[in-house]
Amino acid sequence: MRTDLSGRVQSEAPAATSLADWISCPACRHIVYRKRYVRDLWVCSLCGHHHRVSAPARLAQLMDAGTMRRIPGIAATMDPLEFSDRLPYQERLLEARRRTGLDEAMQAVHGDIEGHPFTVVAMDFRFFGGSLGIAGGELLTVAARSAQRDRTPLLLVTASGGARMQEGALSLMQMARATIALRELGQAGLLTVALVTDPTYGGVAASFATQADVILAEPGTHLGFAGPRVIEQTTGERLPPHFQTAESLRDRGLIDAVLPRSALRETLAGLADALRADDFTAARPDGDPALAGNPGELAGREPWQVVQAARQLGRPTTRDYARLALDGFCELHGDRHSADCTAVVGGIGRLGGRPVMLIGHQKGHTTRELAASNFGMASPAGYRKSGRLMRLAAKLRIPVVTLVDTPGAAPGAAAEDDGQAWAISSSLSLMADLPVPVVTVITGEGGSGGALALALANTVLCLQNSVYSVISPEGCAAILWHDSALAPRAAEALGLAPESLLRLGVIDGVIPEPPGGAQSDHLAAAALLREAVANELRRLDPLDAAALRADRAERFARFGVTGQPQPRGLVEPLGMPS
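Counting in our numbering, the sequence shown runs without a single skipped number right up to 629 at its last residue.
So, in C-alpha cells, the structure goes:
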C-alpha cells in the first residue's frame, strides 16, 4: 500500500486504462498512448505523422508559458448576404463557436518564443475549415498593426480551405487586406514568417501564407491554390502521389524549409535572434589592420600559382564562413519560382554584432560535394534566390555581404532556357539600387559575369589567394591561342591576381590569409574575413540609402574614365606601383 500527497491510500497496482486513453494514428493506424501523443506535440512516434492541432493547442506549443496576451477581434456574427444553404449561416456560425470555443477561425496573441517577442496569428481548421472571412481579415490586420507598433516579427500559422463562401466577395477582399497589412510591415522593416500546416489552400495560400518573408512548413503539409479533388474533377488529370506536399514545394524552391514540430520553437527563436543587433562601434580612424597585408607575400607571385591556390578544395566555403564568421546563421532556401539552386547559399546571421544577409557561391571539399553544388556555378534559380534575399535585406534594413567563389555562371541549354542572361542582368540591376550597404569578398575564384552578379558592391575585397577575371585562364588560352595548355600565360596576361586587381582599382583591399592559406586554418581565415567586413560596414554606417547608391555608382563609374582607373584609397596598394 502507498499514499499520495494528500494522504489517501492508493493501490500498488497501476490504474486501469480505458479506451479513451488511446488514440489511433490517422496515417499508420497504430494505436498510440494518448498522453504520449500529446507529449510528442501530436506527432506519431511510429510514422511521424503530424496530426492537426487547434489554434489554442498550437499557441500553447509555440509560446513560452505565461507570456501570451490575447489580441481581441470582432465576434464572427457578420452575415452580409443573409446566406443560407441547409441552415442559415448565422446558425452555422453559432454552432462553430459552441463546438470550438472560438469566436473565429483564427486567434491572435502577443507573446515570447524562447524569450523573443512575437506577434502570432494561428488559424483553426475546425472553424469552418479555417476559411478566411471578414472577422478573420480584421483580426489579421489588427495583429499586423500591433506587430508594427511593438516592433515584433509577425508569425502566421495557416490552416485553411480558402476564402469563406458564405460571405461572398467580401471574403475575397480579405486577401487584399491581408496583402496590404503584410506590405506595411515590410515597409516598417519587420520580419514576417508563415508556418504552413496541413491543409492550406485557396485564398489563404494565394495571399499571406505565401507572401511572408520566410515560409516554413510541417512534414506532409499540403499547400496550393486549387485542391486535388477540384483539379481532378475539372481537368481529368491524374495527379502524382506527392502533389502539393511541402517536401515537393521545398525541392522546387517555393518554401524555405520543412521542419518537424519539435524544431519549430528553436527555428523561430533563431530567426529572431539572428536579427538582434548588439552594440557595434564606429569605424576606426586609423584604418583596418585586417587589410594591411604583407606586401612581401604578394610580390613576385606567379598569377598561375594564385589561380591554383584559389582552386584548392580545402579552402573554406560559404557555409564554412557562415558557421565560423557569423553568429546564429539561419539559412534560407528557394527562389520562390522553380528551384533551390545548391550553388548559392544565403541566410541571416550576425557579423560583428549586427544582422547581415550573407549570400555566397557554394562549392565543396570533395568531388561529391562539388558535384552536388554544380562546382559553384549558379543557375538562374541561384541568382533569383540571391535576389529574393537581397530584397529581404532591403526590407529589413540590414547590410548585404556576398562571398564570391565561382568559375562562372552555369552553362548549358537548361540554364539558357531558364534565362541565365536575364537572371544575371536582374541581379546587377538590383544590387545597383539596394538601399543598404553591400560588401563583397572574393574568397576563391571570381569568374566572369557569374561572379560580378554578386559583386556590384560598395566595397569589393579579396582574399590573398583569390582571383577575379573576365574569363578563366583556360578559356582565354583556348580562344586566343587555340591551346588551353597556355593557361599560365593567359593568367599572366589577364591581370587576375590581387596585385593587378589592386593596381586597377577593381578591388579595394586584400585580406591576408593564415600561413599556408585559408585552407590551412578555417577558423583564422574566418576571423580575418569577419574583421575586414565588419570594419567596412562600420565605414558605410553614416551613409543613407541615397548616399549608398551614389557610392556604388561612383565606384564603378571610375572604370569608364579616360586613363588608368585608380584605387579609392581604402588601403595602400600593397607595394604595387602607382
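Don't be surprised by glycine CBs; every beta carbon is placed ideally from N, CA and C. None of these values were measured; they are calculated from a predicted model.
Limits of the unbroken alpha helix (DSSP H) element including E317: As a first step, residue 317 is located in the sequence shown; it is residue number 266 there, counting from the start. Start and end: 315–325.
Segment limits, alpha helix (DSSP H) that includes F610: Residue numbering aside, residue 610 sits at position 559 when the sequence shown is read from its first letter. Careful: F610 lies outside any alpha helix (DSSP H) and carries neither H nor E.
Alpha-carbon to alpha-carbon, V94 and P65: Taking the first residue of the sequence shown as 1, we reach residue 65 at position 14. Taking the first residue of the sequence shown as 1, we reach residue 94 at position 43. Note that P65 scores 38 on pLDDT, short of 50, meaning its location in the model is unreliable and no value can be drawn from it.
Secondary structure of E496, DSSP reduced to three states: The residue you call residue 496 lines up with position 445 of the sequence shown. E496 falls in the strand class under three-state DSSP.
Cβ neighbour criterion (16 or more within 10 Å) applied to G433: To locate residue 433, count along the sequence shown from 1; it is residue 382. G433 should be labelled buried.
Coarse secondary structure for D249, derived from DSSP in three states: Numbered from its first residue, the sequence shown carries residue 249 at position 198. Note: D249 maps to strand in three-state DSSP.
Rounded C-alpha distance that separates D136 from T151: Stepping through the sequence shown from its first residue, residue 136 is reached at position 85. Stepping through the sequence shown from its first residue, residue 151 is reached at position 100. Taking the straight line joining both Cα atoms gives about 21 angstroms.
Of the residues A156, R177, V557, L223, the one placed nearest L190, counting alpha carbons only: Counting from one through the sequence shown, the residue named residue 190 turns up at place 139. Answer by Cα proximity: A156.
Alpha-carbon to alpha-carbon, G254 and M657: Because the chain is modelled from 52 through 629, residue 657 falls outside the range shown and cannot be assessed.
Below-7 angstroms beta-carbon distance, E543 vs any chain D residue: No chain D is present in this structure, which holds just one protein chain.
The segment 522–539 / the segment 560–578 touching (three or more Cβ pairs under 8 angstroms): no
Cα-Cα separation, R85 to S480: Position 34 of the sequence shown, counting from 1, holds the residue named residue 85. Position 429 of the sequence shown, counting from 1, holds the residue named residue 480. When the Cα atoms are used, R85 and S480 turn out to be separated by approximately 56 angstroms.
G495 classed as buried or exposed, judged by whether at least 16 other C-beta atoms fall within 10 angstroms: One-based indexing of the sequence shown puts residue 495 at position 444. Counting the other Cβ atoms within 10 Å of the Cβ of G495 gives 16 or more, which makes it buried.
Cβ contact (3+ pairs, closer than 8 angstroms) linking the segment 240–258 and the segment 453–466: no
Residue environment, G611, which counts as buried when at least 16 other CB atoms sit within 10 Å: Translated into the one-based positions of the sequence shown, residue 611 becomes position 560. So G611 ends up on the exposed side.
Pick from R215, A429, F178 that is closest to D130, judged by C-alpha positions: Along the sequence shown, read from residue 1 onward, the residue named residue 130 stands at position 79. Nearest to D130 by C-alpha distance, out of R215, A429, F178, is R215.
Coarse secondary structure for H573, derived from DSSP in three states: Numbered from 1 along the sequence shown, position 522 holds the residue referred to as residue 573. Here H573 sits in helix by DSSP.
Limits of the beta strand (DSSP E) - the one that C381 falls within: For the purposes of this step, residue 381 is identified with residue 330 of the sequence shown, where counting begins at 1. Unbroken beta strand (DSSP E) run through C381: 378–383.
Limits of the unbroken alpha helix (DSSP H) element including M482: For the purposes of this step, residue 482 is identified with residue 431 of the sequence shown, where counting begins at 1. It spans 471–484 - the alpha helix (DSSP H) in which M482 sits, taken as one unbroken run.
Residues near V16 in its chain [Cβ-Cβ closer than 6 angstroms; skip 5 each side]: Absent from the structure is residue 16, since the part of the chain shown begins at 52 and ends at 629.
Cβ shell of F294 (< 7 angstroms), same chain only, five flanking positions each side left out: By 1-based counting over the sequence shown, the position of residue 294 is 243. So the qualifying residues of the chain are P279.
At least three beta-carbon pairs within less than 8 angstroms, the segment 270–285 to the segment 315–327: no
Distance CB(V451)-CB(M408) smaller than 7 angstroms: As a working note, residue 451 is residue 400 in the sequence shown. As a working note, residue 408 is residue 357 in the sequence shown. In this structure, M408 lies closer than 7 angstroms to V451 by Cβ.
Of the listed residues E235, H384, P458, R301, nearest to Q272 (C-alpha basis): Your numbering for residue 272 matches position 221 in the sequence shown. Sequence inspection shows Thr at residue 272; the Gln mentioned does not correspond to that position. Residue R301 is the option with its Cα nearest to T272.
R148 - DSSP class collapsed to helix/strand/coil: Here residue 148 is taken as the residue at index 97 of the sequence shown, counted from 1. Helix, per DSSP.
R609 to D307 span [Cα, whole Å]: Against the sequence shown, residue 609 aligns to sequence position 558. Against the sequence shown, residue 307 aligns to sequence position 256. Those two C-alpha atoms are separated by around 39 angstroms.
Inter-stretch contact (C-beta, 8 angstroms, three-pair minimum) for the segment 509–519 and the segment 357–373: Three or more Cβ pairs drawn from the segment 509–519 and the segment 357–373 lie within less than 8 angstroms of each other, which places the two stretches in contact.
Minimum length 3: unbroken beta strand (DSSP E) runs contained in the segment 502–539: List check, beta strand (DSSP E) in window: 510–514, 518–520.
Strand pairing of H101, partner residues [DSSP]: Taking the sequence shown and counting its residues from 1, one reaches residue 101 at position 50. Bridge partners of H101: V94.
In chain order, each alpha helix (DSSP H) run of at least 4 residues that lies wholly inside the segment 383–465: The DSSP assignment places complete alpha helix (DSSP H) segments of no fewer than 4 residues inside the segment 383–465 at 418–423, 431–447, in order along the chain.
Limits of the alpha helix (DSSP H) - the one that F259 falls within: As a working note, residue 259 is residue 208 in the sequence shown. Segment 259–262, the alpha helix (DSSP H) holding F259.
Rounded distance between the beta-carbons of R600 and D630, thought under 8 angstroms: There is simply no residue 630 to check, as the chain begins at 52 and stops at 629 in what is shown.
Within 7 angstroms, strictly: CB atoms of M648 and A210: This structure does not reach residue 648, given that the chain is present from 52 up to 629, and the question cannot be answered.
Boundaries (first-last residue) of the alpha helix (DSSP H) holding L290: Translated into positions along the sequence shown, residue 290 becomes position 239. Segment: none, L290 is in no alpha helix (DSSP H) and carries neither H nor E.
Residues near L246 in its chain [Cβ-Cβ closer than 6 angstroms; skip 5 each side]: In the sequence shown, counting from the first residue as 1, residue 246 sits at position 195. If we look at L246 and ignore the five residues flanking it on each side, its Cβ neighbours are V208, L267.
Cα-Cα separation between L421 and G162, rounded to whole angstroms: Reading the sequence shown from its first residue, position 370 is the one you call residue 421. Reading the sequence shown from its first residue, position 111 is the one you call residue 162. Rounded to whole angstroms, L421 to G162 spans 43 angstroms at the Cα level.
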